[in-house]
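Numbered by this note's numbering, the letters in the sequence shown go through residues 4 to 207 in order. What follows is a set of notes on a single structure, which appears directly below.
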Amino acid sequence: MIEDELIQIWQSSPEHERIKFEKSKLMLEVQSSLNKFQKITKFWDFGTIISAASMILVFAYQAYRQPNLLLKFGVILIVVWCLFLIYIVIKLKKTKPHEANNYREYLEQNKQYLENQISISNKFMSLTILPCFSGVALIMVGKLNLINKSWSEIVNINMVWIGFLIFIVVGVFSCQLNKWVMKKELLPRLQKVNELLELLEEEE
Numbered sequence: 004m005i006e007d008e009l010i011q012i013w014q015s016s017p018e019h020e021r022i023k024f025e026k027s028k029l030m031l032e033v034q035s036s037l038n039k040f041q042k043i044t045k046f047w048d049f050g051t052i053i054s055a056a057s058m059i060l061v062f063a064y065q066a067y068r069q070p071n072l073l074l075k076f077g078v079i080l081i082v083v084w085c086l087f088l089i090y091i092v093i094k095l096k097k098t099k100p101h102e103a104n105n106y107r108e109y110l111e112q113n114k115q116y117l118e119n120q121i122s123i124s125n126k127f128m129s130l131t132i133l134p135c136f137s138g139v140a141l142i143m144v145g146k147l148n149l150i151n152k153s154w155s156e157i158v159n160i161n162m163v164w165i166g167f168l169i170f171i172v173v174g175v176f177s178c179q180l181n182k183w184v185m186k187k188e189l190l191p192r193l194q195k196v197n198e199l200l201e202l203l204e205e206e207e
C-alpha cells in the first residue's frame, strides 16, 4: 500500500524531482554495495594472508628437511607462490579507497580498486592455479619417486589417480568460483559505480 502511494507521488512529480530521486536512490544502492564489499574484502585479505603465512611456515620446514630434490623444489615453489599471494593482497590493499576530498573522488577510487580486482581475477589461472598445481605435482613426483618408474608402473599407483582427480575437482571448482565472484560481486558493482559517475558528470 505504501509502495503504491510512493509510486504515485513519484510519477506525479516534475521531471527534475524524479531525476533527483533516481540519483539519491542510486547513491544509496552504490554506498550500501561498496560498504558490503569492503567488509568482504577485509575478511578475505586477512584470511588469505593468515593462510599463506601458515603454509609458508609448514612448507619452509619441509623444504629444509626433505632430501629428495624434486620434492624440495616443489615445496619451495609453493612457498614462493604463497609469498606472491601475500604480495598481491598487500598491493591491492594499497589501492583500497581512502580519505577523499569529495564524493566523486571517492567513487573514482572505488572504480580503480574494482578494476584492479577484476584484472587479478582475469589472471586467476596464471597467478593461482598453475603455480600451485605445478608445486603440488612436483611434490607428488618426488614423494612417489615417479621419475624412476615406468608408465606401466605409474598408471597402477592409486595415489596418482587420486591426486589427478583432486587436481581436476579443485581446478574446476576454483575457476567456477572465480567466475561467480566476477559475475556477481565485481562487475555489477563496477557497473553501478560507472552509472553514478556518469550521472554526476552530466550535472556538471
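Even glycine gets a Cβ: it sits at the ideal position worked out from N, Cα and C.
Under the assumption that residue i contacts residue j (Cβ atoms under 8 Å), give the Cβ distance between them as a whole number of angstroms.
i: F59; j: V82; result: Note on identity: in this sequence residue 59 is Ile, with Phe being the wrong assignment. Contact holds; Cβ gap of about 5 Å.
Who are the Cβ neighbours of residue i in its own chain at under 7 Å, not counting the five residues just before and after it?
i: I142; result: L74, G77, V78
i: F170; result: F136
i: K26; result: L202
i: K146; result: L74
i: N113; result: L37, P100, V196
i: V144; result: L73, I150
i: L88; result: T51, A55
i: T98; result: Q115, Y116, N119
Can you tell me the Cα-Cα spacing of residue i and residue j, whole angstroms?
i: A63; j: P134; result: 16 Å
i: Q120; j: S54; result: 20 Å
i: M162; j: G138; result: 16 Å
i: A103; j: K45; result: 19 Å
i: I12; j: R192; result: Confidence at I12 is low in this model, with a pLDDT of 46, below 50, so its placement is unreliable and the value that follows should be read with caution. Taking the straight line from one Cα to the other gives about 29 Å.
i: E8; j: Q115; result: Confidence is the limiting factor: at E8 the pLDDT is only 42, short of 50, which leaves the residue's position unreliable and the question unanswerable from this model.
i: E205; j: L199; result: 10 Å
i: K94; j: Q65; result: 28 Å
i: S187; j: G174; result: It should be pointed out that residue 187 corresponds to Lys in this sequence rather than to Ser. Cα-Cα distance, rounded: 20 Å.
i: L72; j: Y90; result: 27 Å
i: E118; j: I43; result: 16 Å
i: N148; j: I160; result: 11 Å
i: L80; j: N151; result: 22 Å
i: L190; j: S122; result: 11 Å
i: E156; j: A140; result: 17 Å
i: G50; j: S57; result: 11 Å
i: Q41; j: L86; result: 23 Å
i: V61; j: W84; result: 14 Å
i: L92; j: K39; result: One point to set straight first is that residue 92 is Val, not Leu, in the sequence displayed. Their Cα atoms are separated by approximately 18 Å.
i: V158; j: Y67; result: 30 Å
i: S153; j: V172; result: 26 Å
Apart from the five residues just before and just after residue i, which ones in its own chain have a Cβ nearer than 8 Å to its Cβ?
i: K195; result: L29, E32, V33, S36
i: S177; result: F127, T131, I132
i: E6; result: The predicted model places E6 with a pLDDT of 46, which falls under 50 and marks its position as unreliable; any figure quoted below should be read in that light. Excluding sequence neighbours, E6 sits near nothing in its chain.
i: K96; result: D48
At a cut-off of 8 Å, is residue i close to the ligand FMN when judged by its beta-carbon and the heavy atoms of the ligand?
i: W154; result: Absence of the ligand FMN is noted for the structure shown, with no ligands found whatsoever.
Take residue i and list the residues in its own chain whose beta-carbon comes closer than 6 Å to its own, dropping the five residues that flank it on each side.
i: M185; result: S124
i: Q69; result: K75
Do the segment 120 to 134 and the segment 176 to 187 touch if we need at least three Cβ pairs shorter than 8 Å? yes
Is there contact here, the segment 159 to 170 with the segment 93 to 109, by at least three beta-carbon pairs under 8 Å? no
Ignoring anything shorter than 4 residues or poking outside the segment 87 to 156, list the alpha helix (DSSP H) runs there in chain order. 106 to 125, 133 to 146
Uninterrupted alpha helix (DSSP H) stretches inside the segment 37 to 80 (no shorter than 4 residues): none
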